[in-house]
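Protein chains in written order, with this note's numbering: chain A, 1 to 326; chain B, 1 to 326; chain C, 1 to 326; chain D, 1 to 326; chain E, 1 to 326. C-beta: ideal position from N, C-alpha, C; glycine also. See below for the structure under consideration.
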């Protein structure tokens, strides 16, 4: 478990690390906004500790402690918010999208974010806090919540853009050479999109709930920011749908390219076979050992056979040309 | 028919078995909640017996006694609830999902559950009742209803997860070797998903009705639990849709893999044929028995033919290489 | 035209046949409910006759007398109802679903049903009327309407179940041997489902209108029965959609099975060709008539050629085995 | 430009032709309803002339005079209606559906219809006006509007029925012999359906607007007729969707039939090749010119080779039979 | 950066160019409407300059200055509007649709339009302003906004029409000769449509917002124009969907055409092989060197073999004819 605290307001900010959650939460708060970020901790562990400060109702605790994977959701309580979202990362080797659940608890003047893995996408937010001129320093905890969700959505866009690029490259490669490994990558990307859609879809409702200011923690001042964020979520969903359609079309393209290549290969086979099989038959005829074969003794016999064979080749080639086979 | 009764409240609990339904229902109830579970009994049998205790209106009795398979539904009466849901199990050999209808009648302080087959998914609920510290012991019959429905939904998740794993394995195997038996399994899974969707879809309405507390039997205290359950049902439906898309994509993958293999096989055929058919023609030419074939007598004739044939092979191989056929 | 009348109430019932509609309608009604059923009559004929007893507005008469096929619909008038539905039957040979339009006119204490063909699906209703203990004898004309519509819907279920069985059998046969006649049956079933969907869809609105008691002819007592019927119509529509998806998947299966078989056949061709074409080339080489071919005179020549050829066969077989072609 | 006028009421009717629109419009109106029909005139021309009698607002004039093709729409003004719909015709040779825009202006007691081409689908309406007993003679201009729109929709049904027949025939022919020209027809029909859908869809809104009597020109008396017409439009749209699905399925059928035929052809090739290639190899072996080939001198050699070859043929045939290849 | 200003009202108009935005904005406005058009400038640059005249709230500035590509959107402020739309152009060589973001700021009597590239689609608007008789000269800034958006939508239609033509040509070419480069074009067009849909979809909401007059800048007089524009946007979206379906069908056609051609090619191969392989076998038989082959010495031997071979050819041809292979 790794716990960091950032306290800030318009006048200044402090960053600190704590050994335990208790220690962090019991410190006197001197700034307007306190942001606790806990990495590398299971949700059960954290919730147990923070239960005194952010009392979640029994059914929520039961729910979140038993379920292994959680649908993103928002639980709006009287004086705080509990939000579960997915933080995504794209494994550059396997093209696999990995999801980490991020839990956010927002109270008056305090935001608590915690996830199971180390590393997050919040560095731009930290940079902005450190900059005394930035808007975040002048606003409240709800703007910090907005900033964190915005960083997560920005990361979604980055991943989708990367997937879009991979898909574009794949398409170009497929038309040139539809090999099996490309099929595999294509199929994996399609499966990823299905999972992604499932992961992102509930976000819409979460942001819609925030925009409608169902919790008193969201001030009228930050409302347009959340409306903006909601628009972004819609855009993410549309982009996923467009990518799914794109990948589906790439699959069609793959199948059609394979058909095309099979067609080409069979064409080669047919041209060669159709030309040489009759010729071979002719040579077979004059390779027979009948005693009474007048052509064999004729002086022009051999030359004539070559003539006939050349004629057949020419006719065949003309036929293939007319059928536009090459 | 096998009948078990569990009575419980915060102070204690009793488990008992009864010979007949009558016997069970006529016992004095000493605890806050009584749960009757009847296995291995047809619905008609049970309803006949319980009709005096839970008077269902005529049209309900008519409906449930004539229909063989029933759509999940909820019938909200003045002082009790009649709920029909599907309990699913996945046959590990055939990958077939088998449905058993589970009927629930809920009255004040009493829940009656009955199904036609032996065995159910309620052991976790029983364990929680036996534990004197668990929430279920402190709450009413509506929480028991929630717990039973929750156990059924948890079982759905388990089955879908298993199907997801099977589908993932299938996909890997398909890319390697698209054999006919895998096609069969894939097709069966797809058909299963169609049936599952039909079975689960009405659950949404049932849970929505419970969440909206259309029956006075649902207390305000348990309402968030049912809301939660409704979210789970949505999640089950989304998971089924995602699995359907996944299996549809696996089908695409199968078809494309077969095309790919056909392509590979034809490539081998074409390479071999295209190389040897012209060579065989050449040997045919010099196997002819014409008297006047100057090449045959030439000292370098045989060697020259070998030379020409090798040249053809080299040209062909270069051609195939350029076309990236191997 | 064949006209039968059944009059009944809780105390008794009479069945009768009439020569003309006039005759039937002018009889004194002694029982609470009168059911006239007319077979084998065109709608125009019947409407002309009944116009005095059930005055339909001009636009309705115009509509129904000009149109040849009619979308199921309900026309709610002040004191009677005019309902058009489809009665279906599955031709067991051609697997074709045949529709017959059934017209229902409901007034106070009287139900008039008429269709163009002989035969209907109402025998269960007749049996229940004859049974003095059945609910139908105690209730009004609206319950008779419910019973007739219920019989029609039950018939839909029976047909869909039969189609489901045919589809299941087809799927099994397709994986074994995808022959052309199965393709034909499959395609016909799919087309049937499209027509069926079109025929059943408007039923939903009709039953919804009845359930909402838009006509005063529907009593509060029968309302739950119509709600039930509405649920059944939904179930019919869902079953049709599921069957459509099932048949679509069977089509996919067919196409994939054909691809699989083509693959198998080409594999055989390729194995045989790839083994024998090089061998035949070798025999061709030593069948050439060059004077100067040292191998031919060598003592071990013939044996050596056999050795080489066997070696080639073995190598080829190993290659095919490694590629898992057999 | 060809202008005809029909004036009628319950007492009588007059038909007339005019040289110019001005002439027509300035005639004294002696009957309750006046119907001006203008063929073979561009919209711009007509609108310019009628602008004084039916003042359309500036944005409407601008819109309709600049756009070349127009989406069907209704413009409801204070005292008249401007309706644009498509009149369709099916070219019997090319199976192409051709659309002609029909413009309708409805005022008190007057209907003005005009289109660019000669010929329309309104002859049944004219016949009804000429018949003194028909309902149209007793009703107002709004009923004439209904009759015209009804004639257009009837024409849609006729075209869709014709397309349905063509599709049915195509399907039968495809299963027998999937030739390229049938593919072409099938594809054209599919494209037509897409265009048709686009052309018909807005009609729904137009008829809905009329049914809701958004214009005072529609009397309560004609309202049920427009409701009826709206139902017809829905039916047209459903029929188009069903036809689209039918044609999509016919396409599937085509693709599958081609696969089936390819399979059959390859089967023939494989059977012939697999039988004769090994035999030809054997003849090749004994056609070699090695000096030391003991079999050649054996008395039973030739007969034995024939025996072996017959054996191979029999084995092959049994193998193919077992695999059910013929 | 290239800045042009057009000022106009019913009495006259001036066109001017400015060096800087400042210069433009600080000029005294003498006419009712001022239109500033800035080409070849990044949004950040422009917004910085105009911030004093059109104060955009902080979150808008933040949003637009960080995002690289923007979803079309409308931001309705108290006294001005900020609109982002896409201006499209179709690259005639690559068939690629290129999007340029166009930003519109509308205030009382002033419209500011700016985009990053040189060139726009507003020449028809400029022509109309120059014409003293045109409606635009008599109306306000909101009508100018309408005219600009209308010009952009008109351009969409032009592009879609062009894509439709390309698609039609492609379809004809595909049936004749399904080559790989056509597949590529087809696939690119499909991808373009996906992007286009994503680009155009939000336009609907923008125009809907304008039509509902959510901003006081839109007068009641121009409202019907915006309603009209909204209808056009719907039409654009429908056209895109229809084109997508058309291109999807063209893809089906391509795949089927390739299958057809493969079928044809295999037919040729099979006919040639099936005729000549048995013949070659026969010649092989009589090419064997057995000593004891009575046929070889028979006088009629050679002629008889030719007879048998001709017979085989005739039988084969009859067989192929019966199977309708040519």
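>> DSSP three-state label for residue 109 of chain E, please.
In response: coil
> Can we count residue 224 of chain A as close to the ligand SAH, meaning its CB is less than 7 Å from some heavy atom?
Replying inline: As far as ligands go, the structure on display features none, and thus does not contain the ligand SAH.
> Under the three-state reduction of DSSP, which class applies to residue 259 of chain C: helix, strand or coil?
Replying inline: Here residue 259 of chain C sits in helix by DSSP.
> Assuming residue 365 of chain D contacts residue 256 of chain E under a Cβ cut-off of 8 Å, what Cβ separation, rounded to an integer in Å, is found between them?
Replying inline: The first residue shown for chain D is 1 and the last is 326, placing residue 365 of chain D beyond what the model contains.
> In whole angstroms, what is the alpha-carbon distance linking residue 126 of chain D and residue 51 of chain C?
Replying inline: 28 Å
> Does the segment 103-112 of chain A come within contact of the segment 191-202 of chain A, defined as at least 3 CB pairs closer than 8 Å?
Replying inline: no
> With 16 other CB atoms within 10 Å as the buried threshold, where does residue 233 of chain E fall?
Replying inline: Flag for residue 233 of chain E reads buried.
>> Tell me which residues share the same chain as residue 155 of chain B and place their Cβ nearer than 6 Å to its Cβ, disregarding the 5 neighbours each side in the sequence.
In response: Counting only Cβ-Cβ distances below 6 Å, and skipping sequence neighbours, we find 121.
>> Counting only beta-carbon separations shorter than 8 Å, does residue 102 of chain E have a partner in chain D?
In response: It does not: the Cβ of residue 102 of chain E has no partner Cβ on chain D nearer than 8 Å.
> Where residue 251 of chain C and residue 190 of chain C are concerned, what is the direct C-alpha to C-alpha distance, given to the nearest angstrom?
Replying inline: One C-alpha to the other measures close to 9 Å.
> Mind checking whether residue 10 of chain C and residue 140 of chain C have CB atoms under 8 Å apart?
Replying inline: no
>> Would residue 258 of chain B pass as an interface residue toward chain C - the criterion being a Cβ-Cβ separation below 8 Å?
In response: yes
> What number of angstroms, rounded off, separates the C-alpha of residue 35 of chain A from the C-alpha of residue 5 of chain A?
Replying inline: The straight-line gap from Cα to Cα measures roughly 6 Å.
>> Taking the straight line between their C-alpha atoms, what separation do you get for residue 24 of chain D and residue 208 of chain E?
In response: 41 Å
>> According to DSSP, is residue 16 of chain C part of a helix, a strand, or is it coil?
In response: In the structure shown, the three-state DSSP call for residue 16 of chain C is strand.
> What residues in its chain sit with their C-beta under 8 Å from that of residue 317 of chain E, if we drop five residues either side in the sequence?
Replying inline: 275.
> Does any C-beta atom of chain B lie closer than 8 Å to the C-beta of residue 80 of chain A?
Replying inline: For residue 80 of chain A, the answer is no, since every Cβ of chain B falls outside 8 Å of its Cβ.
>> My output table needs one value for residue 293 of chain C: the three-state DSSP class, helix, strand or coil.
In response: Assigned with DSSP and collapsed to three states, residue 293 of chain C falls in coil, not helix or strand.
> What residues from chain B crowd round residue 242 of chain C, counting only those whose CB sits closer than 7 Å?
Replying inline: Those within 7 Å of residue 242 of chain C in chain B are 194, 198.
>> With H, G and I counted as helix, E and B as strand and the rest as coil, what does DSSP make of residue 165 of chain A?
In response: Reduced to three states, the DSSP call for residue 165 of chain A is helix.
> Who are the Cβ neighbours of residue 16 of chain E in its own chain at under 6 Å, not counting the five residues just before and after it?
Replying inline: 5
> Beta-carbon of residue 123 of chain A versus every beta-carbon of chain E: anything under 8 Å?
Replying inline: no
> Since residue 34 of chain E sits in a beta bridge, which residues does DSSP pair it with?
Replying inline: Paired residue(s): E:7, E:110.
> Which stretch, first to last residue, makes up the beta strand (DSSP E) that contains residue 85 of chain A?
Replying inline: Segment 81-90, the beta strand (DSSP E) holding residue 85 of chain A.
> At least one CB of chain C closer than 8 Å to the CB of residue 251 of chain B: is that the case?
Replying inline: yes
>> Using a Cβ-Cβ cutoff of 8 Å, what residues of the segment 263-282 of chain E are near chain D? List them in chain order.
In response: When C-beta distances to chain D are compared with 8 Å, the residues of the segment 263-282 of chain E below that value are 263, 266, 267, 269, 270, 273, 274, 277, 278, 280, 281, in chain order.
> According to the Cβ coordinates, are residue 160 of chain E and residue 94 of chain E closer than 8 Å?
Replying inline: no
>> 8 Å is my cut-off, CB to CB: does residue 285 of chain B come that close to chain A?
In response: Yes, because at least one Cβ of chain A sits closer than 8 Å to the Cβ of residue 285 of chain B.
> Of the residues that make up the segment 291-304 of chain D, which ones have a beta carbon closer than 9 Å to any beta carbon in chain E?
Replying inline: 293, 295, 296, 297, 298, 299, 300, 301, 302, 303
>> Alpha carbons only, please: which of C:42, C:171, C:32, C:242 is nearest the one belonging to residue 115 of chain C?
In response: C:42
> Rounded C-beta distance between residue 33 of chain A and residue 144 of chain A? I'm assuming under 8 Å.
Replying inline: 6 Å
> What residue ranges within the segment 216-282 of chain B form continuous alpha helix (DSSP H) runs of no fewer than 4 residues, ordered along the chain?
Replying inline: For the segment 216-282 of chain B, not a single whole alpha helix (DSSP H) run of length 4 or above is found.
> Who are the neighbours of residue 14 of chain A on chain E, taking C-beta pairs under 9 Å?
Replying inline: Going along chain E, no residue has its Cβ under 9 Å from residue 14 of chain A, so there is no contact; the nearest lies around 26 Å.
>> Checking 8 Å against the spacing of the C-beta atoms, do residue 226 of chain C and residue 203 of chain C come in under that value?
In response: no
> Looking at the C-beta of residue 184 of chain A, does it have a partner C-beta in chain B at a distance below 8 Å?
Replying inline: yes
>> Can you give me the C-alpha to C-alpha distance between residue 305 of chain D and residue 264 of chain D, rounded to a whole angstrom?
In response: 32 Å
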